[in-house]
Amino acid sequence: MADMFTPCLAAEEFQRRLLTWFDQYGRHDLPWQSPRSAYRVWVSEIMLQQTQVATVIPYFKRFMTRFPTLEALANAPQDDVLHLWTGLGYYARARNLHKAAQVALASYGGELPTDSVEALMALPGIGRSTAGAIIAQSSDKHSSDKQRSGQQATILDGNVKRSLTRLHAIAGWPGKPAVERSLWTLAEYFTPNTRLADYTQAIMDFGATLCKRSKPDCLICPFNDVCRAYAQGEPQRFPESKPKKALPTRETIMLMLRDRQGRVWLEQRPPSGLWGGLWSLPQFEQHSELNDWLADHVTSPERHAPMPSFTHTFSHFRLLITPQPVSCDRLNGVREDGVWYDVDEPPSLGLAAPVKSLLSQLAPFSLDPTPGPSR
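Residue numbers (my numbering): 1 to 375.
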């Protein structure tokens, strides 16, 4: 390990301080902690990627009610899975979760292969840190066994990256390969042989509740005497932010087509790509394309004034959306491509976030993804 990344403490002392703090201040009543299983830990870890714990908890509870086992998830229609994910964002996580459950059911008898980090990483949507978290937290037998099949159950999620970066005042964006390699080395060094499940939860809790992104509580931190960023007087300078690029803006027209019963026409997106597998309003780049579609498929269209445009931001671009309401008598020739969505009795469909927001304006009902019968 290079001098600049020399551990701030011996591993045993680091573990002692962290676990002492965790025993008093850590989170011990999260819904995926009791009962604890590889399946429940896995679902929680996927939901928690780029999402706050407070946001995840109600989604996790609804998900477990509908899919209490890996087999139940694997055998469910994708629409049911996406419906319960509506609002969490990053929908590729849900699609990969569903695919991975199907692979585990077919290849591992409905269990996750927790004896091997590599086997877990072979499943869709599971990376190195997620695999480590599943192994470390899924059962008590792993709590006293640091290595299984030659693999360490080490994690390096965003909270851990931030904490280790500050403790060691590591320069550079943590997403850079060289910086990330150094952080993995530190994370592996500190990971203990005992109380592995508690340690894994503790290092995540430490970053989430104490060494926070903004306003870290340095004065009560158990490591403030060895934290190099704190010693420099600028802990919030670490970690360095990802170099920003100007986000391009794209434009789309969303057709809000309603029949005389007030139902809205929705079409399912392709399985991959933007909002893959979700249900959305028909989209058009130009009004001329919308006009041609209406002329081909709609009987007696009545165009209304466009609704105010708004922007939906993705990681790599902004989408400027203009909703165009149209009412009609009938729709011809595209029924196999979509469904009429009854806003008064909404079916269990996974909806793109802007579509959910627009639909919620059409009737006094809640579109919260509560469990419902399969379609």
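Ideal placement from N, C-alpha and C gives every residue a C-beta, glycine not left out.
Can you tell me where the beta strand (DSSP E) holding residue i begins and where it ends?
| i | result |
| --- | --- |
| Phe-310 | 310-313 |
| Val-226 | Premise fails: Val-226 is in no beta strand (DSSP E) and is neither H nor E. |
Could you tell me which residues DSSP puts in a beta bridge with residue i?
| i | result |
| --- | --- |
| Gln-321 | Residue identity differs from the one stated: residue 321 is Ile in this sequence, not Gln. Thr-252, Phe-310, per the DSSP bridge assignment. |
| Gly-338 | Glu-267 |
| Glu-302 | Ser-327 |
| Leu-351 | Trp-279 |
| Leu-257 | Val-326 |
| Phe-284 | Ile-253 |
Using a Cβ-Cβ cut-off of 6 Å (strictly less than) and excluding sequence neighbours within five positions of residue i, which residues of its own chain qualify?
| i | result |
| --- | --- |
| Lys-99 | Pro-124 |
| Pro-301 | Leu-294, Val-326, Cys-328 |
| Ser-144 | Note on Ser-144: pLDDT 39, under 50, position unreliable in the model; the coordinate value appears next. Once the five neighbours on either side are set aside, the close Cβ partners of Ser-144 are Thr-194. |
Hey, could you find the ends of the alpha helix (DSSP H) residue i is sitting in?
| i | result |
| --- | --- |
| Tyr-189 | 177-190 |
| Trp-85 | 78-85 |
| Leu-278 | Counting along the chain, Leu-278 falls outside any alpha helix (DSSP H), and DSSP gives it neither H nor E. |
| Pro-346 | Careful: Pro-346 lies outside any alpha helix (DSSP H) and carries neither H nor E. |
| Pro-58 | 53-66 |
| Ser-272 | Note, Ser-272: premise wrong, no alpha helix (DSSP H); not H, not E. |
| Arg-27 | That residue, Arg-27, is in no alpha helix (DSSP H); it is neither H nor E in DSSP. |
| Lys-161 | 158-168 |
| Gly-132 | 128-138 |
| Ala-10 | No alpha helix (DSSP H) holds Ala-10; DSSP gives it neither H nor E. |
| Gln-201 | 196-205 |
Who are the near neighbours of residue i in its chain, counting only those whose CB is closer than 7 Å to its CB and skipping five residues on each side?
| i | result |
| --- | --- |
| Arg-93 | Ile-46, Gln-49, Gly-125 |
| Val-179 | Ile-170, Gly-172, Trp-173 |
| Gly-150 | The predicted position of Gly-150 is uncertain, since its pLDDT is 36 and thus under 50; no value can be drawn from it. |
Which residue wins for smallest C-alpha separation from residue i, given the options the options?
| i | options | result |
| --- | --- | --- |
| Arg-181 | Val-264, Phe-5, Pro-31 | Phe-5 |
| Ile-135 | Glu-240, Arg-40, Lys-244 | Arg-40 |
| Gly-350 | Tyr-59, Asp-79, Phe-14, Gln-24 | Asp-79 |
| Leu-255 | Pro-271, Trp-279, Gly-233, Thr-249 | Trp-279 |
| Phe-317 | Thr-51, Phe-63, Ser-309, Leu-274 | Leu-274 |
| Arg-62 | Leu-219, Ala-133, Ser-37, Leu-88 | Leu-88 |
| Glu-285 | Cys-227, Thr-322, Arg-303 | Thr-322 |
| Leu-319 | Ala-353, His-83, Val-298 | Ala-353 |
| Lys-215 | Arg-258, Arg-166, Tyr-341, Asn-96 | Arg-166 |
| Ser-240 | Glu-13, Thr-299, Lys-161, Pro-271 | First, the residue type needs correcting, since residue 240 is Glu and not Ser in the sequence shown. Glu-240 has its Cα closest to that of Lys-161, out of Glu-13, Thr-299, Lys-161, Pro-271. |
Less than 8 Å between C-beta atoms, sequence neighbours within five positions excluded: which residues of the same chain meet that for residue i?
| i | result |
| --- | --- |
| His-142 | Low confidence applies here, because His-142 scores a pLDDT of 40, under 50, leaving its location unreliable; read the following figure in that light. Closer than 8 Å at the Cβ level, and outside the excluded window around His-142, lie Thr-114, Ile-135, Ala-136, Arg-148, Ala-153, Leu-196, Ala-197. |
| Thr-20 | Pro-222 |
Examine the ligand FMN and report whether any of its heavy atoms sits within less than 7 Å of the Cβ of residue i.
| i | result |
| --- | --- |
| Ser-138 | Annotation note on the ligand FMN: not contained in the displayed structure, which lists no ligands. |
Return the chain-ordered ranges of every alpha helix (DSSP H) run that is complete within the stretch 82-115 and spans a minimum of 4 residues. 92-108
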